[in-house]
Amino acid sequence: MIKDKKVNGEVKETNSKIDAIKELIFGENIQAYNSEFESVKSDILSKKNELEQLINDIRKELLTSIDNLSTDLNIRITDLEDAMNSKLDTLDSKKVDRKLLSNLFIKLGEKISDQ
Numbered sequence: 039m040i041k042d043k044k045v046n047g048e049v050k051e052t053n054s055k056i057d058a059i060k061e062l063i064f065g066e067n068i069q070a071y072n073s074e075f076e077s078v079k080s081d082i083l084s085k086k087n088e089l090e091q092l093i094n095d096i097r098k099e100l101l102t103s104i105d106n107l108s109t110d111l112n113i114r115i116t117d118l119e120d121a122m123n124s125k126l127d128t129l130d131s132k133k134v135d136r137k138l139l140s141n142l143f144i145k146l147g148e149k150i151s152d153q
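Heads up, the sequence shown is in our numbering, so the first residue is 39 and it goes up one at a time.
So, in structure tokens, the structure goes:
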């Protein structure tokens, strides 16, 4: 343990003497290392910020794409329902052609599964 020493009526810390000696011996190297560490730290923080911004941009693009796809899918399903209703309206009101109706349902199922 390093203790404080009293010299000429003043208390001087031994730690400060050791720090002064370190600075004399290793001063330039320590400053160079500190400078390099700060440069690397700054570069890492800059890259981190760039990556966070890129992630946010991609998230926005994905959400927009999902919205567009959902809208497109809803439009296609509505068009398909309209087409099916139109075909059903053209059928004879007394008797529905089961084969035609089953083909329409099969086509509807295939279009839905393709989406």
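Idealized CB from N, CA, C, for every residue including glycine.
Under the three-state DSSP convention, the category residue i falls into
i: residue 153; result: coil
Beta-carbon spacing of residue i, residue j below 8 Å
i: residue 118; j: residue 149; result: yes
i: residue 158; j: residue 153; result: Examination of residue 158 is not possible in this model, given that the chain is present from 39 through 153 alone.
i: residue 101; j: residue 125; result: no
i: residue 122; j: residue 146; result: yes
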